[in-house]
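In the working numbering, the protein residues as written are 351 to 617. Reading through the structure tokens given below for one structure.
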């Protein structure tokens, strides 16, 4: 069941009816997060909501599926159920076990970015940007942005989130200790992207490249800003979740929309 992007009230009427009929309700909360605590979901739905973290989905989800052979189970997903490949895998596992499934869709960041005025049919392949570490600084996103720009297409850059991630040093000592949640900001994303441009030097983008930053799309305090990558890097977008768009060539309507709604008074 897709929950949309805002809060507990964004579930569809059909989704709410389905959840209230279920014997057990799970909330997947590691590919994305809602703007409210899961307790708000419990109050609205009238059901206890069990949090399904990465470990649950990757290691124990078959237990939930076997449970669904004899009970009605709701698996709640922030955004749309098919916004992450994890959920496609879940459907395949259900099929193998003979579990009947029903999907109830909702809005996701993949279509809600239309709020920027950039036309959805002009977007190319979306890319994910992960937190760099000292030993892992992947740059595959760079080639995809290059391909999209060469084709005159916009690129949606999805920024990394880390929820209930184990501390690897403690894990090596036989102890399971979880890191504090981390959500990549637009400033962090721009810094990493410019670092890769410096390394690759192919001129795919620069600090002066026009970009669009979006934060908390679908929530009351959503923030949309357009500017150069350097300008967005110095902009405070507030709390999570953040995403970034590298536009291709703008159509007149897109340009007008950005100038009207997304440019700050000093720009």
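For each residue, glycine too, the CB sits at the ideal point set by N, CA and C. In this text, all values refer to a predicted model and were calculated from it rather than measured experimentally.
Quick check on this structure: which residue in 522, 447 and 555 has the alpha carbon closest to the alpha carbon of residue 417? For residue 417, the nearest C-alpha among the options comes from 447.
Using the Cα positions of residue 415 and residue 409, report the straight-line distance between them to the nearest angstrom. Going by the C-alpha atoms only, they are around 12 angstroms apart.
Per DSSP, what are the beta-bridge partners of residue 423 in this structure? Assignment of beta-bridge partners to residue 423 by DSSP yields 374.
Is residue 610 helix, strand or coil when you go by DSSP? DSSP places residue 610 in helix when its eight states are reduced to three.
Could you round the C-beta distance between residue 542 and residue 479 to whole angstroms and report it? I think they count as a contact, below 8 angstroms. Between residue 542 and residue 479 the beta-carbon gap is near 6 angstroms, inside 8 angstroms, which marks them as a contact.
Where the alpha helix (DSSP H) containing residue 476 begins and where it ends: Residue 476: not part of any alpha helix (DSSP H); DSSP gives it neither H nor E.
Same chain, Cβ closer than 6 angstroms to residue 566, five either side skipped, listed in chain order: Contacts found: 572.
Unbroken stretches of the beta strand (DSSP E), 3 residues or longer, contained in the region 431–482: If we require 3 residues or more, the beta strand (DSSP E) runs fully inside the region 431–482 come out as 477–479.
Are at least three pairs of beta-carbons, each pair with one atom in the region 601–608 and one in the region 395–404, less than 8 angstroms apart? Result no; under three Cβ-Cβ pairs closer than 8 angstroms.
Please determine, among 387, 529, 559 and 508, the residue with the shortest C-alpha to C-alpha distance to residue 592. Considering only alpha carbons, the answer is 508.
At a cut of 8 angstroms, does the region 490–505 reach the region 465–480 through at least three beta carbon pairs? The answer is yes - the region 465–480 touches the region 490–505, with three or more Cβ pairs under 8 angstroms.
Which of the three DSSP states is assigned to residue 512 in this structure? DSSP places residue 512 in strand when its eight states are reduced to three.
Give the secondary structure of residue 575 by DSSP, where H, G and I count as helix, E and B as strand, and everything else as coil. Here residue 575 carries a strand assignment [DSSP, helix/strand/coil].
Would you check if there are 3 or more beta carbon pairs closer than 8 angstroms linking the region 459–469 to the region 418–427? Look at the beta carbons and you see the region 459–469 not touching the region 418–427: under three pairs across the two are nearer than 8 angstroms.
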